[in-house]
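Visitor: A single structure is presented below for examination.
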Amino acid sequence: MPKIEIPHSKSDQFRFKRIPELLFAGQVLDERSFYGPPQIHDYCEIIYIAEGSGEFNIGGKNYELHQGDVAIYNPGVPHEERSRTTDSFKIVYCGVDNLHIEGVPQGMLLPPHVEPVIPCEKYAIKVESYLSEILQECESQVLGYDTLTSNLLMSLITVIYRIVDVKFQFQAYKGINEIALRTKQFIDKNYTQSISLKDIADTLYVSPHYLSHLFKKELGDSPFNYLISRRIEEAKRLLGHTDLPVHEVASQVGYGNEKYFSMLFKKVSGMTPSSYRDSERGRTGK
Numbered sequence: 004m005p006k007i008e009i010p011h012s013k014s015d016q017f018r019f020k021r022i023p024e025l026l027f028a029g030q031v032l033d034e035r036s037f038y039g040p041p042q043i044h045d046y047c048e049i050i051y052i053a054e055g056s057g058e059f060n061i062g063g064k065n066y067e068l069h070q071g072d073v074a075i076y077n078p079g080v081p082h083e084e085r086s087r088t089t090d091s092f093k094i095v096y097c098g099v100d101n102l103h104i105e106g107v108p109q110g111m112l113l114p115p116h117v118e119p120v121i122p123c124e125k126y127a128i129k130v131e132s133y134l135s136e137i138l139q140e141c142e143s144q145v146l147g148y149d150t151l152t153s154n155l156l157m158s159l160i161t162v163i164y165r166i167v168d169v170k171f172q173f174q175a176y177k178g179i180n181e182i183a184l185r186t187k188q189f190i191d192k193n194y195t196q197s198i199s200l201k202d203i204a205d206t207l208y209v210s211p212h213y214l215s216h217l218f219k220k221e222l223g224d225s226p227f228n229y230l231i232s233r234r235i236e237e238a239k240r241l242l243g244h245t246d247l248p249v250h251e252v253a254s255q256v257g258y259g260n261e262k263y264f265s266m267l268f269k270k271v272s273g274m275t276p277s278s279y280r281d282s283e284r285g286r287t288g289k
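Right under this line is the structure:
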């Protein structure tokens, strides 16, 4: 087997500026009507859906989570959870404090521009394995459990950032102008509403022209085009995972006119909303 050398001049840009602290770990097993009432914490939480699906409200926004998804709560973010099926519902979770990741505001597990629900896809087995091992070590508390849980926690967070980097280009956003990032964050949070460039500019106390120029310079596209992309991305999720009629999907992502929505959807995705739904169900066998 060939030996792989680790260069002294490393290109890996992901770093913990502090060693994160594990506060607790737990799981919910075989719950058929699970409900977690509204809560706000001063620490971070990681929740992985191991079985079933649920409806989570995070920061005032509703998300549908499925097996293989992970939800991340930054400090101060209100959240509420419930299972949405009568099938078995299983989650594994942990609480984390003392966080400081390079390029991320101190105390936060995720940068503010990243959505709090992340499909783990090919990393799902690793994420579940790390959380399950953390839980086992906490339960056993045998020699060295504290060291092992600390290493497992850092491995878990690192894998989550691998997913984040692919889906949200974490490395690409490091060093980006704060106004551009806050604009992106505003759109990510309010894209289902009727918002204009002036609304965003007024919120950030800058002119619409300056905001548009800065956003395109830093992120490569106009705020308007990013808003459309964000809405179509959510529409694809709704078409693939719900039975909502097309006009309802259009309304939920901020379009009151179904024809205009369908035109934009086809322009962005290359197919009509109905064709996209059919192709997704054919692919997943649902």
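In our numbering, the protein residues as written are 4 to 289.
Glycine included, each C-beta is placed from N, C-alpha and C at the ideal position.
Small disclaimer: the values here were computed from a predicted structure and weren't measured.
(1) Out of Gly39, Cys97, Ile50, state which residue places its alpha-carbon closest to the alpha-carbon of alanine 74.
(2) Could you give the C-beta distance for glycine 71 and proline 122, rounded to a whole number, given that I count them as a contact under 8 Å?
(3) Which word fits tyrosine 258, buried or exposed, when buried means at least 16 other C-beta atoms lie within 10 angstroms of its C-beta?
(4) If you check the beta carbons only, do leucine 156 and proline 23 fall under 8 Å apart?
(5) By the DSSP assignment, the alpha helix (DSSP H) with cysteine 141 in it spans what residues?
(6) In or out: tyrosine 96 buried (at least 16 other Cβ within 10 Å) or exposed?
(7) Report the option in Ser36, Ser132, Lys201 whose CA atom is closest to the CA atom of aspartate 90.
(8) From which residue to which residue does the beta strand (DSSP E) around glutamate 48 run?
(9) Got a sec? Which residues, its chain only, sit under 6 Å from glycine 243 by beta carbon, not counting five neighbours each side?
(10) Answer with buried or exposed for phenylalanine 268, where buried requires no fewer than 16 other C-beta atoms within 10 angstroms of its C-beta.
(11) Could you name the residues that DSSP lists as bridge partners for cysteine 97?
(12) How many whole angstroms separate the CB atoms of threonine 186 and leucine 230, which I take to be in contact at a CB cut-off of 8 Å?
(13) Under a three-way DSSP split, which group does histidine 82 fall into?
(14) Taking the beta carbon of isoleucine 128 as the centre, do at least 16 other beta carbons fall within 10 Å, making it buried, or is it exposed?
(15) Taking 8 Å as the limit between beta carbons, can you name the residues of its chain near valine 256, skipping five residues before and five after?
(16) What's the C-alpha gap between serine 199 and glutamine 109?
(17) With proline 78 and aspartate 33 assumed to form a contact (beta carbons below 8 Å), what rounded beta-carbon distance in angstroms separates them?
(18) Output the distance between the C-alpha atoms of isoleucine 253 and serine 132, rounded to the nearest integer angstrom.
(19) Tell me whether lysine 13 is buried or exposed, calling it buried when 16 or more other Cβ atoms sit within 10 Å of its Cβ.
(20) Helix, strand or coil, according to DSSP, for valine 107 in the structure here?
(21) Taking the alpha carbon of isoleucine 137 as the point to measure from, which residue in Ala28, Lys219, Ser197 has its own alpha carbon closest?
(22) Go ahead and pull the three-state DSSP assignment for lysine 77.
(23) So for glutamate 292, helix, strand or coil by DSSP?
(24) Would you decide whether leucine 146 is buried or exposed? Buried here means 16 or more other CB atoms lie within 10 Å of its CB.
(25) Who are lysine 64's beta bridge partners in DSSP?
(26) What residue does the beta strand (DSSP E) around valine 3 start on, and which one ends it?
(27) If we ignore side chains and look at the alpha-carbon of each, how far apart do asparagine 260 and methionine 266 end up?
(28) Is the Cβ-Cβ distance between valine 31 and lysine 125 less than 8 Å?
Guide: Answer, in terms of the structure:
(1) Ile50
(2) 6 Å
(3) buried
(4) Against a cut-off of 8 Å, the Cβ pair of proline 23 and leucine 156 comes out as a contact.
(5) 127–143
(6) buried
(7) Ser36
(8) 47–54
(9) Glu283
(10) buried
(11) Under DSSP, cysteine 97 takes part in a beta bridge, and its partners are Ala28, Ile49.
(12) With a Cβ gap of about 10 Å, threonine 186 and leucine 230 do not count as contacting.
(13) Histidine 82: strand per DSSP, three-state reduction.
(14) exposed
(15) Residues of the same chain with a CB within less than 8 Å of the CB of valine 256, apart from the 5 flanking positions on each side, are Tyr194, Thr195, Arg234, Ile235, Glu237, Ala238, Leu241, Phe264 in chain order.
(16) 31 Å
(17) The pair is not a contact, with the Cβ atoms about 30 Å apart (cut-off 8 Å).
(18) Checking the sequence shown, residue 253 turns out to be alanine, not isoleucine. Counting only the Cα atoms, serine 132 lies some 38 Å from alanine 253.
(19) Residue placement at lysine 13 is poorly supported in this model, since its pLDDT is 49, which falls under 50; the coordinates are not used for a value here.
(20) coil
(21) Residue Ala28 is the option with its Cα nearest to isoleucine 137.
(22) With the sequence shown as reference, residue 77 is identified as asparagine, and lysine is not the correct amino acid for it. In the structure shown, asparagine 77 sits in coil (DSSP, three-state: anything other than H, G, I, E or B).
(23) The structure shown does not extend to residue 292, since the chain is modelled only from 4 to 289, so the question has no answer here.
(24) Leucine 146 is exposed by the Cβ-count criterion.
(25) Answer is Ile61, bridged to lysine 64.
(26) Outside the displayed range of the chain (4 to 289) lies residue 3, so it cannot be described from this structure.
(27) If you take the alpha carbons of asparagine 260 and methionine 266, they lie about 10 Å apart.
(28) no
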